[in-house]
Amino acid sequence: MHISDNSCCCSFDECKRTSDWLLSQTRYRPKIAVVCGSGLGLLAEYLTSKQAFRYEDIPNFPVCTVSGHEGRLVFGKLNDKSCVFMQGRFHLYEGYSLCKVTFPVRVFKLMGVETIIVTNASGGLCQDFKVGDIMIIKDHINLPGFAGQHPLCGPNDERFGVRFPTMSDAYSEDLRKLALDISSELGYSSFVHEGVYCMVCGPNFETVAEARLLHKLGSDTVDYTDWT
Ligand SMILES: O=P(O)(O)O[C@H]1O[C@H](CO)[C@@H](O)[C@H]1O
Numbered sequence: 001m002h003i004s005d006n007s008c009c010c011s012f013d014e015c016k017r018t019s020d021w022l023l024s025q026t027r028y029r030p031k032i033a034v035v036c037g038s039g040l041g042l043l044a045e046y047l048t049s050k051q052a053f054r055y056e057d058i059p060n061f062p063v064c065t066v067s068g069h070e071g072r073l074v075f076g077k078l079n080d081k082s083c084v085f086m087q088g089r090f091h092l093y094e095g096y097s098l099c100k101v102t103f104p105v106r107v108f109k110l111m112g113v114e115t116i117i118v119t120n121a122s123g124g125l126c127q128d129f130k131v132g133d134i135m136i137i138k139d140h141i142n143l144p145g146f147a148g149q150h151p152l153c154g155p156n157d158e159r160f161g162v163r164f165p166t167m168s169d170a171y172s173e174d175l176r177k178l179a180l181d182i183s184s185e186l187g188y189s190s191f192v193h194e195g196v197y198c199m200v201c202g203p204n205f206e207t208v209a210e211a212r213l214l215h216k217l218g219s220d221t222v223d224y225t226d227w228t
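Numbering follows UniProt numbering, with no gaps: position 83 of the sequence shown is 83.
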């Protein structure tokens, strides 16, 4: 059997090297990671006792090329819990491989992170949504994945996870409920929704026909990112 040499540029050892480096540079041992999407980097300012690393100073880390993504990994405390925030993420349309785009998630896993909260600035498809509304992702459609662009394609290293991961409960029901309950307590229910997120490659925004199609397929928002 011929197996093509298309090896992943972010092997277990490479991810481990980055994870070990970070753990040697910080006393934080976060169990929670937050990825800040476009314009949302300010979320990291809520952390106390911050320790920040510029992406270019972290071994093996990609760098941000998109405006609105500062390019820092910020460790700190939120309500006394250790967290790590990505101030800026990586996109396929920047020219990065999916391996590189998802590299930080693998590094977080090796650092001991158990919960990841991803945020993004996406385009609304649901007629009920208004600009600035917040949607909590309950499920997604990985459109590039249907066409073979999937970060889990290639040889599988079981140390990261199983070959065929189940996706029927990809987004924690408990965390979604918590977010909705808190939104309601805060009086935010009119602009906080739950819905289905669709990933595409970008970088062009969708045509009207494409937006209509994605909505008909069951998507409420569309964006270029949430591989990370
Ligand atoms: O998903 P985030 O990183 O928030 O960015 C979104 O916003 C940018 C376009 O405005 C694109 O990069 C799109 O993916």
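Heads up, the beta-carbon is just placed ideally off N, CA and C, and yes, glycines get one too.
Per DSSP, residue i forms a beta bridge with which residues?
i      : result
Ala33  : Val84, Ile116
Met135 : His193
Met167 : According to DSSP, Met167 bridges with nothing at all.
Cys198 : Ile141, Val222
Gly123 : Val222
Note down the Cα distance separating residue i from residue j, rounded to an integer number of angstroms.
i      : j      : result
Asp226 : Gly76  : 23 Å
Glu114 : Ser82  : 12 Å
Glu173 : Ile116 : 14 Å
Asp57  : Thr221 : 34 Å
Cys36  : Phe129 : 21 Å
Asn6   : Ala147 : Since pLDDT at Asn6 reaches only 46, below the 50 mark, its modelled position is unreliable, and the value read off the structure follows with that caveat. Distance between the alpha carbons of Asn6 and Ala147 is about 18 Å.
Lys177 : Asp20  : 34 Å
Arg212 : Leu125 : 8 Å
Cys15  : Gly71  : 18 Å
Ile3   : Asp223 : Any reading at Ile3 needs caution, since the residue's pLDDT is 45, under 50, leaving its predicted position unreliable; the model's value is listed next. Their backbone Cα atoms lie some 33 Å apart in a straight line.
Phe85  : Ser183 : 21 Å
Asn156 : Val105 : 16 Å
Val63  : Ser97  : 13 Å
Ser38  : Ala121 : 6 Å
Asp13  : Ser24  : 16 Å
Which residue marks the beginning of the alpha helix (DSSP H) containing residue i, and which one marks its end?
i      : result
Ile182 : 173 to 185
Val222 : Not the alpha helix (DSSP H): Val222 falls in the beta strand (DSSP E), residues 221 to 223.
Glu14  : 12 to 25
Val208 : 208 to 216
Arg106 : 103 to 111
Pro144 : 143 to 146
Those runs of the beta strand (DSSP E) which lie wholly inside the region 40 to 77 and span at least 3 residues: Segments of the beta strand (DSSP E) lying fully in the region 40 to 77: 48 to 54.
Chain-ordered list of residues that sit, by beta carbon, closer than 5 Å to a heavy atom of ligand 1: The chain-ordered list of residues whose CB is nearer than 5 Å to some heavy atom of ligand 1 reads Gly37, Ser38, Asn120, Ala121, Asp223, Tyr224, Thr225.
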